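This report refers to the structure that appears directly beneath it.
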Amino acid sequence: MLLLNLPYFGCVAHWALIASGECYAFDIKGRHQRRTFRTRTIIGMANGEQALTVPTESNYSKPYHDILINDDTDWRHQHLYALMSAYSNTPFYEYYIDDIKKVLEDNWTSIWDMNMQLHKVIAHLLDIPFNPILSESEMNNRADGSFRDLRIGIEPKYQHRLQENLTPIPYYQVFSDRCGFRPWLSIADLLFNMGPESRLVLNSMKM
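Counting in my numbering, the sequence shown runs from 545 upward without gaps.
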């Protein structure tokens, strides 16, 4: 069984693990940490990569599950504008953006709740099952000696290690002629560029 964080959007590697068919659980009790995918996602722009970060309260003694979103800035508009700037010319942007926009524009107070709903929507768009384990007791019962903790492995500062365990599959990216192929961007990059074929790309990645 896999133990994963619940990220904002989630990168392509994160979703390849969810699509793999292995049993997986999201860490509920882990402490809130800065500069992780729990509050950020990385998209591909024409001039490089851009991190979209959800502002949260700065109480790092609380579990991630209890962290609140900070709405002092208009981050929702900024993120949607960045997605439009990056992907409005991709083949499938217009098919998926409304579903994503509906989640981001809702009046969330909890980063966990928003990320969970975003995952449900993305799983539906990818046409893959979404059945995370959220109970600690069930997680312990399902481990069966094959428990794999991947909470740290799929984080921004460790992404260079991903290719040691997961084979990236090149797919069409709208700015690849300028920037080359960038393998571990946000799942939004794969969805907007590849649409219904996104699931095939994820299923082709092997641990």
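Note that CB positions come from ideal geometry on N, CA and C, so glycine has one too.
On a predicted model such as this, the values are computed, not experimentally measured, just so you know.
Check	Outcome
Does DSSP put Gln717 in a helix, in a strand, or in coil?	coil
How long is the line joining the alpha carbons of Glu741 and Leu729, rounded to whole angstroms?	16 Å
Would you identify the three-state DSSP class for Glu741, choosing helix, strand or coil?	helix
Check each candidate in Tyr568, Ala667, Gly588, Leu669 and name the one with the smallest Cα separation from Ala626.	Gly588
If you pair each beta-carbon of the stretch 714-723 with each one of the stretch 605-622, do three or more pairs fall below 8 Å?	no
Out of Asp671, Ala732, Lys750, which one is the CA nearest neighbour of Ser632?	Ala732
Ordered along the chain, which non-local residues of its own chain (more than five positions away) have a Cβ less than 6 Å from that of Phe691?	Met545
So Thr583 and Tyr552 are supposed to be a Cβ contact under 8 Å. How far apart are they, rounded?	6 Å
If you draw a straight line from the alpha carbon of Tyr802 to that of Phe725, how long is it in whole angstroms?	Given a span of 545 to 751 for the chain in the structure shown, any question on residue 802 remains unanswerable.
Does the Cβ-Cβ distance between Ile613 and Thr653 come in under 8 Å?	yes
In chain order, what residues of the same chain lie with their CB nearer than 6 Å to the CB of Trp559, ignoring the 5 residues before and after it?	Ile731, Leu746
How far does the beta strand (DSSP E) with Ile586 in it extend, from its first residue to its last?	584-589
Going by C-alpha to C-alpha distance, which of Leu548, Leu547, His623, Ala557 sits closest to Arg743?	Ala557
Hey, how far is the Cα of Asn651 from the Cα of Leu550?	19 Å
I believe Leu678 touches Ile611 by the beta-carbon criterion, under 8 Å. Please report the beta-carbon distance rounded to the nearest angstrom.	The Cβ separation is near 16 Å, so there is no contact.
Could I get the ranges of all uninterrupted beta strand (DSSP E) runs contained in the stretch 618-654, with 3 residues as the minimum, in chain order?	none
For Thr585, which option in His663, Met738, Leu694 has the closest C-alpha, if you only look at C-alpha atoms?	His663
Please determine, among Asp693, Tyr568, Arg575, Ser748, the residue with the shortest C-alpha to C-alpha distance to Trp656.	Arg575
Please report the distance separating the alpha-carbon of Pro676 from that of Ala590.	35 Å
Look up Pro602 in the DSSP assignment and say whether it is helix, strand or coil.	A small correction: the amino acid at residue 602 is Ser; Pro does not occupy that position in the sequence shown. In the structure shown, Ser602 sits in coil (DSSP, three-state: anything other than H, G, I, E or B).
Taking C-alpha atoms, which residue in Leu548, Ile562, Gln661, Leu547 lies nearest to Leu647?	Correcting the residue identity first, residue 647 is Val in this sequence and not Leu. It is Gln661.
Can you grab the Cα-Cα spacing for the pair Gln594 / Asn737, in whole Å?	17 Å
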